[in-house]
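Trainee: Structure in structure tokens, see below.
Chains as they are written, first to last, in our numbering: chain H, 205 to 536; chain U, 660 to 937.
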């Protein structure tokens, strides 16, 4: 255990009936980082978060938070707070009462509660909405009330369950930066569950990719992207061309943006000839699917830096070229 | 379309306003024991004056309110845990449990009250059990006491308490209790600060649904209560059938309705408010 770990999970496992939700997970989360648990639905990421919060009891394994064993500690005695995916705001209380709920449970004096509630509302830019009921707020405002309510107790650990999933796209992108800013300003540790790889990549200092209850890889976003540990990770994060190596015993993960398109044979380390099968124009970039002579398909992306139409059309014969170190070897 | 709108008004007119007008007219008349019907119409308030001045009637009013209030409280204390347990039960079990609450309605109300007479009699099943268990040396007779009336009212009206409470508790989002726990509330505090206030509409509805009919209840005090218990429904019956004083009985009925207007209005307002809520 490193000194910087605030959460240490050892051999954590949880089953629901015959379904294994989390299978022997070992993980360390460091103090002050924004950690993301990333995976598809049913991968066990939410169960893992709920075990840290105390809402689910592990079948096996231990959870240490700040060095203390959490076995048998009920949720209301854990030094963590959670922001729920549904926000779970109390409908019968106004915004200020919602945010102050946790402080009242700690028995703080009323003036102190009022001061800290005001401070928390200001941090999430809701300063003048303290008297509104949750039903009178927009989705984005409710999200910020939920955040303020979880932040106001200054927990050692803030758990966020799909914090941005209920927001529309524009708001989601703005809120990403807001969350990162708050996390850095307050110096808290955030653990965030998300199914959105873009969200995890852009926000997290480190992330864990989960599949079928197991952690496939832990690392900083660039490492997970550029050096995926398995075919699952390579495929789950972004787009990857996975080419067999050594007669099928290993694979090469090759990202579409690491391949370049040429009209004639290039003098890159590797070159393959093919024909463009289709083109997906995505505004900032175009994604080409190119059929190689051996029948396999490769995806190639190019940044649309110029406004004029792309140089290549569907059906064009092209050459693909990439450098020797463009791909990453996968052994599983 | 117009017919559809007119129907409830016609119903209300024929089955409420018309009979109520008749009752009010009789209440303003005076008794005429030798004629049939035994009423002379008039415009006198003397029956109402008598109700207010005679201690018997005042005592009967207060007795009804007191018994209805304590029975309502007992039904709430019994019904809340029942409704809570049903709302928290496995969804597959809920219809069965709710059915069990409603099941007594399949038998006539009157027959069930008669059954309680048999159970509560001095050598009835309840006393036999108490004697056999040795818990109580001489249980006395429960039948004919206020205990029996309370028991009868709670038994008869419990479903009216449980169903609105269940409706309120079933809607409660379990995530709110998790949020409360997460913010440091132990289960008791979470119940008091989240579950209880959010089930308040159900509590108000259930209490009024028990209290309103219990105030005017006649069958239960007549069959299970003793001669000493005064409840206004029983007084009404006695005035009408024993004393054949129709105008006085009608005045009691009018006053009963006026007395219950307050709680009924409260119930209506609360229902309207819960409809407004999304």
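Note that the Cβ used here is the ideal one computed from N, Cα and C, for glycine as well.
Note that the coordinates shown come from a computational prediction; the quantities given were computed from them, not determined experimentally.
#1: Quick test of your reading: residue 321 (chain H) and residue 304 (chain H), contact by CB under 8 Å. State the CB separation rounded to the nearest angstrom.
#2: Mind listing the chain H neighbours of residue 857 (chain U)? Cutoff is C-beta to C-beta under 9 Å, in chain order.
#3: Answer with buried or exposed for residue 451 (chain H), where buried requires no fewer than 16 other C-beta atoms within 10 angstroms of its C-beta.
#4: Between residue 670 (chain U) and residue 661 (chain U), what straight-line distance do the alpha-carbon atoms span, to the nearest angstrom?
#5: Going by the DSSP bridge assignment, what does residue 353 (chain H) pair with across the sheet?
#6: With distances taken between CB atoms, is the gap from residue 883 (chain U) to residue 770 (chain U) smaller than 7 Å?
#7: Would you say residue 436 (chain H) reaches chain U, if we count a Cβ-Cβ gap shorter than 7 Å as a contact?
#8: If you drop the 5 nearest sequence neighbours on each side, which residues of the same chain put their C-beta closer than 6 Å to that of residue 265 (chain H)?
#9: Mind checking the segment 828–841 of chain U against chain H and listing, in chain order, the residues whose C-beta falls within less than 8 Å of any C-beta there?
#10: For my contact list, residue 865 (chain U) and residue 735 (chain U) are in at a C-beta cut-off of 8 Å; report their separation, rounded to the angstrom.
#11: In angstroms with no decimal places, state the Cα-to-Cα distance between residue 938 (chain U) and residue 861 (chain U).
#12: Under the three-state reduction of DSSP, which class applies to residue 937 (chain U): helix, strand or coil?
#13: Tell me the DSSP secondary structure of residue 207 (chain H) in three-state form.
#14: Once DSSP output is grouped into helix, strand and coil, what is the label at residue 503 (chain H)?
#15: Within 7 Å (strictly less), CB to CB, does residue 221 (chain H) reach chain U?
#16: I'd like to know whether the C-beta of residue 539 (chain H) is nearer than 7 Å to at least one C-beta of chain U.
#17: Measure the C-alpha to C-alpha separation of residue 840 (chain U) and residue 250 (chain H) and round it to an integer number of angstroms.
#18: Measure how close the beta-carbons of residue 464 (chain H) and residue 526 (chain H) come, nearest whole angstrom, since I'm counting them as under 8 Å.
#19: Along the alpha helix (DSSP H) that carries residue 894 (chain U), what are the first and last residues, could you check?
#20: Should residue 758 (chain U) be labelled buried (16 or more other beta-carbon atoms within 10 Å of its own) or exposed?
#21: Are residue 667 (chain U) and residue 760 (chain U) close, meaning C-beta to C-beta below 7 Å?
#22: Going by Cα to Cα distance, which pick from H:336, H:524, H:230 and H:242 is closest to residue 473 (chain H)?
#23: Where DSSP assigns a beta bridge to residue 845 (chain U), which residues make up the other side?
#24: For residue 391 (chain H), count the other beta carbons within 10 Å of its own beta carbon; 16 or more makes it buried, fewer makes it exposed. Which is it?
#25: What are the start and end residues of the beta strand (DSSP E) that includes residue 490 (chain H)?
#26: Is the beta carbon of residue 446 (chain H) closer than 7 Å to that of residue 435 (chain H)?
#27: Can you check whether the C-beta of residue 844 (chain U) is within less than 7 Å of a C-beta belonging to chain H?
#28: Using a Cβ cut-off of 7 Å, which residues of the segment 296–330 of chain H contact any Cβ in chain U, in chain order?
#29: Once the 5 residues before and after residue 925 (chain U) are set aside, which same chain residues still bring their CB inside 7 Å of it?
#30: Secondary structure at residue 712 (chain U), three-state DSSP: helix, strand or coil?
#31: Could you tell me which uninterrupted alpha helix (DSSP H) segments, each at least 4 residues in length, are contained entirely in the segment 433–491 of chain H, listed from first to last along the chain?
#32: Using beta-carbon positions only, say whether residue 283 (chain H) and residue 259 (chain H) come within less than 7 Å of one another.
#33: Per DSSP, what kind of secondary structure is residue 294 (chain H) in: helix, strand or coil?
#34: Can you give the beta carbon distance from residue 383 (chain H) to residue 367 (chain H), rounded, assuming they're within the 8 Å contact cut?
#35: What are the boundary residues of the alpha helix (DSSP H) that includes residue 871 (chain U)?
#36: Tell me whether residue 830 (chain U) sits in a helix, a strand or coil according to DSSP, three-state version.
Mentor: Well, looking at it:
#1: Working through the first chain from its first residue, we reach residue 321 (chain H) at position 117. Working through the first chain from its first residue, we reach residue 304 (chain H) at position 100. Their Cβ separation, rounded to whole angstroms, is 5 Å, which keeps residue 321 (chain H) and residue 304 (chain H) in contact under 8 Å.
#2: Along the second chain, one-based indexing puts residue 857 (chain U) at 198. The answer, in chain order, is 294, 295 and 296.
#3: Position 247 of the first chain holds residue 451 (chain H). The residue in question, residue 451 (chain H), is exposed, as its Cβ has fewer than 16 Cβ neighbours within 10 Å.
#4: As a working mapping, residue 670 (chain U) is identified with position 11 in the second chain. As a working mapping, residue 661 (chain U) is identified with position 2 in the second chain. Answer to the nearest angstrom: the Cα atoms are 14 Å apart.
#5: Translated into positions along the first chain, residue 353 (chain H) becomes position 149. Answer by DSSP bridge pairing: none, since residue 353 (chain H) is not bridged.
#6: By 1-based counting over the second chain, the position of residue 883 (chain U) is 224. By 1-based counting over the second chain, the position of residue 770 (chain U) is 111. Not in contact: residue 883 (chain U) and residue 770 (chain U) (Cβ atoms no closer than 7 Å).
#7: Here the question's residue 436 (chain H) lines up with position 232 in the first chain. So, not an interface residue.
#8: In the first chain, counting from the first residue as 1, residue 265 (chain H) sits at position 61. Within the same chain, and ignoring the five residues on either side of residue 265 (chain H) in sequence, the residues whose Cβ sits closer than 6 Å to its Cβ are 214, 215, 216 and 217.
#9: Answer set for the segment 828–841 of chain U: 832, 834, 835, 837, 838, 839, 840 and 841.
#10: Here residue 865 (chain U) refers to the residue found at position 206 when the second chain is read from its first residue. Here residue 735 (chain U) refers to the residue found at position 76 when the second chain is read from its first residue. The pair is a contact, with the Cβ atoms about 7 Å apart (cut-off 8 Å).
#11: Any answer about residue 938 (chain U) is impossible in this case: the structure gives chain U only from 660 up to 937.
#12: Residue numbering aside, residue 937 (chain U) sits at position 278 when the second chain is read from its first letter. Because the pLDDT at residue 937 (chain U) is just 44, under 50, the model does not fix this residue reliably, and the value given afterwards should be weighed accordingly. Taken through DSSP and simplified to helix, strand or coil, residue 937 (chain U) comes out as coil.
#13: Reading the first chain from its first residue, position 3 is the one you call residue 207 (chain H). Residue confidence is low: residue 207 (chain H) scores 49 on pLDDT, short of 50, so the model does not pin down where it sits. Its coordinate-derived value is still stated next. In the three-state reduction of the DSSP assignment, residue 207 (chain H) falls in the coil class.
#14: Walking along the first chain from the start, residue 503 (chain H) turns up at place 299. The answer is strand: DSSP assigns residue 503 (chain H) an E or B state.
#15: Residue 221 (chain H) sits at position 17 when you count from the first residue of the first chain. Judged by the 7 Å Cβ criterion, residue 221 (chain H) is not in contact with chain U.
#16: This structure does not reach residue 539 (chain H), given that chain H is present from 205 up to 536, and the question cannot be answered.
#17: As a working mapping, residue 840 (chain U) is identified with position 181 in the second chain. As a working mapping, residue 250 (chain H) is identified with position 46 in the first chain. Spanning the two alpha carbons is a distance of roughly 18 Å.
#18: For the purposes of this step, residue 464 (chain H) is taken as residue 260 along the first chain, with counting starting at 1. For the purposes of this step, residue 526 (chain H) is taken as residue 322 along the first chain, with counting starting at 1. That pair is a contact at about 7 Å.
#19: Reading the second chain from its first residue, position 235 is the one you call residue 894 (chain U). Taken as a continuous stretch (DSSP letters only), the alpha helix (DSSP H) holding residue 894 (chain U) covers 891–896.
#20: Numbered from its first residue, the second chain carries residue 758 (chain U) at position 99. Residue 758 (chain U) counts as exposed, since fewer than 16 other C-beta atoms from the protein chains shown sit within 10 angstroms of its C-beta.
#21: For the purposes of this step, residue 667 (chain U) is taken as residue 8 along the second chain, with counting starting at 1. For the purposes of this step, residue 760 (chain U) is taken as residue 101 along the second chain, with counting starting at 1. Judged by beta-carbon spacing, residue 760 (chain U) lies beyond the 7 Å limit of residue 667 (chain U), meaning their Cβ atoms are not closer than that value.
#22: To locate residue 473 (chain H), count along the first chain from 1; it is residue 269. Nearest option by C-alpha distance: H:524.
#23: For the purposes of this step, residue 845 (chain U) is taken as residue 186 along the second chain, with counting starting at 1. Note: residue 845 (chain U) sits in no beta bridge, so no partner.
#24: To locate residue 391 (chain H), count along the first chain from 1; it is residue 187. Exposed, by the Cβ-count rule.
#25: What you label residue 490 (chain H) is simply residue 286 of the first chain in a count that begins at 1. Unbroken beta strand (DSSP E) run through residue 490 (chain H): 489–496.
#26: For the purposes of this step, residue 435 (chain H) is taken as residue 231 along the first chain, with counting starting at 1. For the purposes of this step, residue 446 (chain H) is taken as residue 242 along the first chain, with counting starting at 1. The beta carbons of residue 435 (chain H) and residue 446 (chain H) sit closer together than 7 Å.
#27: Locating residue 844 (chain U) in the second chain gives position 185, counting from the first residue. Yes, residue 844 (chain U) counts as interfacial toward chain H.
#28: Listed by position, the residues of the segment 296–330 of chain H near chain U (Cβ gap below 7 Å) are 296, 305, 306, 309 and 310.
#29: Position 266 of the second chain, counting from 1, holds the residue named residue 925 (chain U). Around residue 925 (chain U): 867.
#30: Numbered from 1 along the second chain, position 53 holds the residue referred to as residue 712 (chain U). Residue state, collapsed to three classes: helix.
#31: For the segment 433–491 of chain H, whole alpha helix (DSSP H) runs of length 4 or above, ordered along the chain, are 435–440.
#32: Locating residue 283 (chain H) in the first chain gives position 79, where the first residue counts as 1. Locating residue 259 (chain H) in the first chain gives position 55, where the first residue counts as 1. No, the pair does not count as a contact, with Cβ atoms beyond the cut-off.
#33: Position 90 of the first chain, counting from 1, holds the residue named residue 294 (chain H). Three-state DSSP puts residue 294 (chain H) in coil, outside helix and strand.
#34: Start at 1 with the first residue of the first chain, and residue 383 (chain H) comes out as number 179. Start at 1 with the first residue of the first chain, and residue 367 (chain H) comes out as number 163. Going by Cβ atoms, the distance from residue 383 (chain H) to residue 367 (chain H) rounds to 7 Å, so yes, they are a contact pair.
#35: Counting from one through the second chain, the residue named residue 871 (chain U) turns up at place 212. For residue 871 (chain U), the enclosing alpha helix (DSSP H) begins and ends at 859–874.
#36: Indexing the second chain from 1 puts residue 830 (chain U) at position 171. Looking at residue 830 (chain U) - three-state DSSP - the assignment turns out to be helix.
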